[in-house]
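Scroll down for the structure; my scribbles are underneath it.
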Amino acid sequence: MSRNLITLEHNNQRDTSNIDHLLQDHTRLGRLAKRYSGGAHINSRVHERVRDDLLALRDFCEDRHRRIFNLRQRTNNFITLLYNLITGHDSTVNLRIATQSASIAREARKDSEARNRADAAGFYRFALPQVYGGQSHPDTNLWMSAIRYHLTSHPVYGGGLGLANDLQNEHSIVGNFPDVLMLHHFGNEDQRKTLIPARLQGTFRTTFGLTEPDHGSDATYMSTTARQTRGGFEITGAKKWQTGAHHCTHFLIFARTSGQPGSAQGITAFLVPRDTAGLRIASYEWTLNMPTDHATVVLNQVWVPESAVLGSVDQGLAIAQTFVHENRIRQAASSCGAARYCLDRSIERARSRKIWGEGKTLADNQAIQFPVVELMTQVEMLRLFIFKTGWEMDRVVAECQASGKRPWVEIERRLSDQVAMCNFWANRLCCQAADRAIQIHGGDGYSRHYPFEHIYRHFRRYRITEGAEEIQMRKIGAYIFGFAGPKKDTAAQQSKAKI
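Set out below in structure tokens:
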């Protein structure tokens, strides 16, 4: 195609040149006519008309030349894009980033407005300690589960997704703030004093850099390393799925500083400013036909001072585990609520849709009823299980506050299997409910006139990103059969008693 455009452009240039010659001949003809007529009057109107026609034709050729040139440029860019996509050439980075810049700006404005309004209304900081403007409520996990369920299940808030609970940007009317809690528990005095207020004002944002291109669930085998040098650390490696990279100020990077691959010890967390030399965003990933804020970040000998370390050197994995159960139980509530929304809308559709010209509705058919019955039963049972688990987590937190223990360690030991049950099943159930809603709504459900295809695309990710469901099922199995958790402790005590 590009070769044909070049030929067309050459032909157009030839036509333009021919018209230029005609214009010159026309001008000479006018001068000759005036000379040999002895100055007699000639039909100047005809002469002018011919000249105007030639000029118009020349303008047309020049305009065609510009169009062909622009088309050839776009064709070359497209061919370059295809080539880079096939070869993995780095120039695709600029193309991908450029196509998303306008969308990112719009999302940032929307996110900022939603945050400011929620904060002014007193909702945004609900789950935080009182020192940061929160409630320090003794039933925070139960309340947050109920709130997230309500926001995704009720059509007033957009149904599954919306400004009230936009999971793509990881924000909600009631904020999660895992970064604030990480800084609160592990940050030094200067980090807590400067970064937490900045986070609440929206001037400090960080990603969560644990996953790598070659390491996901096996995060302790990470390839990213950091070595001490020049009074700081030099980090080399890559991180993938860096959510919020489009507007972050820092990247929270986990890197191995000592120990062997697979060891939980020897991993350190670093807060790396995004403009640090050697750090670059390699690409933004497209997921299920959606442009996202999930970036792949490459670090090439990135130097940071010792003040960039969050927590203790070699003890960074504890930071990654601080908020995992709170996040999973709240995500489970969101998925369960979105599933309920899909089923409620499906029931409305089935009751109102007339079929076969007999005055009957879709709802009269048991083939429509029975799948919805099964899904609704699961939603109701799961909703109560999520709330119960959140309540039990709050009881553990209260015990730990009284005893001085770290609550996330005790929640991991005593309730991790229940949280995993809630999370993996809720995320799977949401996808099943969205799929059923699409089926009941027919072609309309498959279109973007209804939110179900969007809900499916959006919530499908949580069967992977909140801990792959296979990993969570593996954990549940370990707790059930006594390889981990309270049963393991009981078995160990019984063995000691026998000895």
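Going by the UniProt record's numbering, the first residue of the sequence shown is number 1, and it counts up by one from there.
Glycine is no exception: its CB is placed at the ideal position from the N, C-alpha and C atoms.
**Q.** Host alpha helix (DSSP H) of H184 (start-end)
**A.** P178 to F186
Q. Should E212 be labelled buried (16 or more other beta-carbon atoms within 10 Å of its own) or exposed?
A. buried
Q.
Comparing C-alpha positions only, which one of C431, G443, I173 and A478 sits nearest to L343?
A. The shortest C-alpha separation from L343 is found at C431.
Q: Tell me whether Q201 is buried or exposed, calling it buried when 16 or more other Cβ atoms sit within 10 Å of its Cβ.
A: exposed
Q.
By the three-class DSSP mapping on this structure, what secondary structure does A98 have?
A. Low confidence applies here, because A98 scores a pLDDT of 48, under 50, leaving its location unreliable; read the following figure in that light. Of the three classes helix, strand and coil, the one that applies to A98 here is helix, per DSSP.
Q. Which of helix, strand or coil does DSSP assign to G482?
A. coil
Q) Contact check, R328 vs G467 under 8 Å by CB: the rounded distance? A) Taking 8 Å as the upper bound for CB-CB distance, R328 and G467 are in contact here, some 7 Å apart.
Q: Report the rounded CA-to-CA distance for I480 versus V313, giving the unit in angstroms.
A: 34 Å
Q | Member of G390, V298, T152 and G134 whose CA lies at the smallest distance from the CA of F251 | A | With distances taken between Cα atoms, F251 lies closest to V298.
Q. By the 10 Å Cβ neighbour count, where 16 or more other Cβ atoms means buried, how is H449 classified, buried or exposed?
A. exposed
Q. Considering only the beta carbon of each residue, do V309 and I235 sit closer than 8 Å?
A. no
Q) According to DSSP, which residues form a beta bridge with A255? A) T268
(Q) So, with DSSP's three-state summary, where would you put A219? (A) Reduced to three states, the DSSP call for A219 is helix.
Q. Looking at G209 and K239, is the spacing between their C-beta atoms short of 8 Å?
A. yes
**Q.** Continuous alpha helix (DSSP H) assignments of at least 4 residues falling wholly in the segment 274-334
**A.** 317-320
Q: Name the residue from H441, Y446, I476 and A426 whose alpha carbon lies nearest to the alpha carbon of F459.
A: A426
Q. Who pairs with G237 in a beta bridge, going by DSSP?
A. L299
(Q) Using the Cβ count rule (16 or more neighbours within 10 Å means buried), how would you classify P486? (A) exposed
Q: Quick one: give me the first and last residue of the alpha helix (DSSP H) that A420 is part of.
A: P407 to H441
Q: Specify the secondary structure class of I42 as computed by DSSP and reduced to three states.
A: Reliability fails at I42, whose pLDDT of 49 lies under 50, so the model's placement of it is uncertain and the value that follows must be treated cautiously. In the displayed model, I42 falls within coil according to three-state DSSP, outside both helix and strand.
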